[in-house]
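Asker: Quick one: structure below, then a few questions.
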Amino acid sequence: MRYIIFDRDGTLIKHKKYLHKPEDIELIPGSRDIILSFLKKGYLLFLHTNQSGVSRGYFKIEDVKKCNEQMIELLNINSKIFEDVCIATDYPPGLDSYRKPSTKYGLELIKKYKIESSQLIYIGDNTSDLETAYKLNCIGYGICLDKKNSFLDKDIVTKRFNFTIHDSLSEIKNEIIKNDN
Ligand SMILES: [Mg+2]
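According to my numbering, the sequence shown is numbered sequentially starting from 600.
And the structure:
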């Protein structure tokens, strides 16, 4: 059994600063395909999203949930997609925070589903997504759609964490399938 934790903004949907309106949600190419492929393979999928806009007072957690629902609607997949969703609203992060790069959420999943860390994958567009994976000793894949506006520190991600960075979700899908044997 394999487990994938997806980041949301910049990974499954286009990154827009403090996005909180469902009508502004646009899927990233390949998002439906990667999700469908791994659901069919029986992987369990999770969503872990940092949404500091809530604690900054820019929008409410209900807005985040509505945006998640809109994303799920646009993905148009006829079954449950995410086994569980974690919305980290706090900023600055407290000691007990779920905000990535906190490992709190990952550790809870590892315990609940009895996951071996080599079976757990984080996919994200931010160094903090991959730092979370690194600290959990699991696998991380970086997605970078726009090299000019990247949230990934290439040196840290590739040299320190030893993860790869890809310019499309389909490339990541193929990598995971290749390494799945
Ligand atoms: Mg992101």
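We put the beta carbon where it would ideally sit given N, CA and C, even for glycine.
Note that the coordinates shown come from a computational prediction; the quantities given were computed from them, not determined experimentally.
1. Does at least one heavy atom of ligand 1 sit under 7 Å from the Cβ of Gly705?
2. Whole angstroms is fine: what's the gap from Arg655's alpha carbon to His619's?
3. For Asn677 and Val653, I'd like the C-alpha separation in whole angstroms.
4. Identify the residues that DSSP records as bridge partners of Val684: which are they?
5. Who are the near neighbours of Ile660 in its chain, counting only those whose CB is closer than 7 Å to its CB and skipping five residues on each side?
6. Whose beta carbon lies closer than 7 Å to any heavy atom of ligand 1, going through the chain in order?
7. From Thr731 to Ile624, what does the alpha carbon distance come to, in whole angstroms?
8. Return the chain-ordered list of same chain residues with a C-beta closer than 6 Å to the C-beta of Cys737, the five sequence neighbours on each side being excluded.
9. In terms of alpha-carbon separation, which member of Lys747, Asp752, Glu707 lies closest to Leu729?
10. Secondary structure at Phe750, three-state DSSP: helix, strand or coil?
11. Three or more beta-carbon pairs under 8 Å between the stretch 762-773 and the stretch 625-634, yes or no?
12. In chain order, what are the residue ranges of uninterrupted beta strand (DSSP E) at least 3 long that sit wholly in the stretch 688-764?
13. Assuming the contact rule is C-beta atoms closer than 8 Å, Ser651 and Tyr690 should be a hit. Round their C-beta distance to whole Å, please.
14. Would you mind reading off the limits of the alpha helix (DSSP H) that contains Arg775?
Answerer: The answer reads as follows:
1. Taking the sequence shown and counting its residues from 1, the one referred to as residue 705 is at position 106. No.
2. Your numbering for residue 655 matches position 56 in the sequence shown. Your numbering for residue 619 matches position 20 in the sequence shown. Using only the alpha carbons, I get a separation of about 13 Å.
3. Taking the sequence shown and counting its residues from 1, the one referred to as residue 677 is at position 78. Taking the sequence shown and counting its residues from 1, the one referred to as residue 653 is at position 54. Looking at the two C-alpha atoms, the distance is approximately 30 Å.
4. Along the sequence shown, read from residue 1 onward, the residue named residue 684 stands at position 85. Beta-bridge pairing links Val684 to Leu646.
5. In the sequence shown, residue 660 corresponds to position 61, counting from 1. Hits under 7 Å: Val653, Ile686, Thr688.
6. Here the list is Asp606, Arg607, Asp608, Gly609, Thr610, His614, Gly723, Asp724, Asn725, Asp728, Phe750.
7. Here residue 731 refers to the residue found at position 132 when the sequence shown is read from its first residue. Here residue 624 refers to the residue found at position 25 when the sequence shown is read from its first residue. So the two alpha carbons sit approximately 25 Å from each other.
8. In the sequence shown, counting from the first residue as 1, residue 737 sits at position 138. Counting only Cβ-Cβ distances below 6 Å, and skipping sequence neighbours, we find Ser716, Leu719.
9. In the sequence shown, the residue the question calls residue 729 occupies position 130. The shortest C-alpha separation from Leu729 is found at Asp752.
10. Here residue 750 corresponds to residue number 151 of the sequence shown, with the count starting at 1. Three-state DSSP puts Phe750 in a strand.
11. yes
12. 719-723, 738-742
13. Indexing the sequence shown from 1 puts residue 651 at position 52. Indexing the sequence shown from 1 puts residue 690 at position 91. Indeed, because the Cβ distance is near 3 Å, the residues count as touching under 8 Å.
14. In the sequence shown, counting from the first residue as 1, residue 775 sits at position 176. It should be pointed out that residue 775 corresponds to Ile in this sequence rather than to Arg. 768-777 is the span of the alpha helix (DSSP H), which, as asked, contains Ile775.
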